[in-house]
Amino acid sequence: MGRSPCCEKAHTNKGAWTKDEDQRLISYIRAHGEGNWRSLPKSAGLLRCGKSCRLRWINYLRPDLKRGNFSEEEDEIIIKLHSLLGNRWSLIAGRLPGRTDNEIKNYWNTHIKRKLISSGVDPQTHRPLNSAAITQLDFRNSAPPPLSSKDNSSSAHDTNCNSTTTEESQSPREEESCAGAVNLELSIGLPSQSKYMTSASSSSAESKSIHGFLLPAPSMWPLGF
DNA sequence: AAGCAACACAACCGCGACCCA
DNA sequence: CTGGGTCGCGGTTGTGTTGCT
1 MGRSPCCEKA HTNKGAWTKD EDQRLISYIR AHGEGNWRSL PKSAGLLRCG
51 KSCRLRWINY LRPDLKRGNF SEEEDEIIIK LHSLLGNRWS LIAGRLPGRT
101 DNEIKNYWNT HIKRKLISSG VDPQTHRPLN SAAITQLDFR NSAPPPLSSK
151 DNSSSAHDTN CNSTTTEESQ SPREEESCAG AVNLELSIGL PSQSKYMTSA
201 SSSSAESKSI HGFLLPAPSM WPLGF
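What follows is the structure in structure tokens.
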């Protein structure tokens, strides 16, 4: 179906935020709280799209943001969580207080990916690069290589279950079919207040993640999750 | 010192999920 | 049940900064 633009593009600013805009947004949210992103810009006197306001607040202005370099420990947590969850940055961010999904995503793409590759680990599969290469050969004639390189019988499923491509299947049916025996909440203790743990589709999404991603051997886990 | 390339990160875009009338 | 509006997510792009030649 057709989709209306999220805002009147002709009357909105784009690009970098000014200090004045930041200040307006901060003081408005302090006074009225988060939410109503669509109407917020107008109420706050900002010539910005609601989405832009939300992003600016979440990624940059929120008072509880940590900012600054990632610690070694955070690195390891991110790697660990990525091996479990794939590119579900918001879920990963939920486990790292003070960090945002955007920040983690950027950090992954610019630092950790390279770090893993240089240490011989495939950043998508979290397996040694050699075996990943073999896996790629195996799937060269079909769809893009699945994250999991396990048995062929489940490879199609794994492709559907992984989250690294835009072709990712999101349908509840497939999520259900992907729901595995492992409860992610038990494994990594996702916060129960997260919306992801309260909606049915989301909890199945967790299950699918844990199932879709072949867990690396415990010996490869830097942390004792 | 200048030009270029690589890097880092903020911001945008499009889409699916969710909510509610 | 359906359709429209809104929110949130992940991928991608744009731009400023840093390092190298």
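The first sequence begins at 1 in UniProt numbering and counts up one residue at a time. By construction, the Cβ of each residue, glycine as well, lies at the ideal position given by its N, Cα and C atoms.
Residue i in three-state terms, based on DSSP
i              : result
proline 123    : coil
proline 41     : helix
asparagine 109 : helix
tryptophan 17  : coil
serine 71      : coil
arginine 88    : coil
Spatial distance of residue i from residue j (CA atoms)
i              : j              : result
histidine 82   : isoleucine 104 : 10 Å
leucine 46     : tyrosine 107   : 30 Å
asparagine 109 : arginine 30    : 33 Å
serine 119     : asparagine 69  : 21 Å
isoleucine 112 : tyrosine 60    : 21 Å
isoleucine 79  : arginine 62    : 25 Å
glutamine 23   : cysteine 53    : 12 Å
Contacts around residue i, its chain only, beta-carbon distance under 7 Å, and the 5 residues preceding and following it disregarded
i             : result
serine 90     : Asp101
lysine 19     : none
isoleucine 58 : Thr100
Contacts around residue i, its chain only, beta-carbon distance under 6 Å, and the 5 residues preceding and following it disregarded
i           : result
arginine 48 : Thr12, Asn13, Pro41
tyrosine 28 : Ala44
serine 71   : none
leucine 65  : Gly98
leucine 116 : Pro123
Distance CB(residue i)-CB(residue j) smaller than 9 Å
i             : j            : result
arginine 56   : leucine 25   : yes
isoleucine 92 : leucine 85   : yes
valine 121    : arginine 127 : yes
Bridge partner(s) assigned by DSSP for residue i
i           : result
proline 63  : Proline 63 pairs with nothing; no bridge assigned.
proline 128 : Val121
Chain-order list of residues whose beta-carbon lies under 8 Å from that of residue i (same chain, five-residue window excluded)
i          : result
glycine 33 : none
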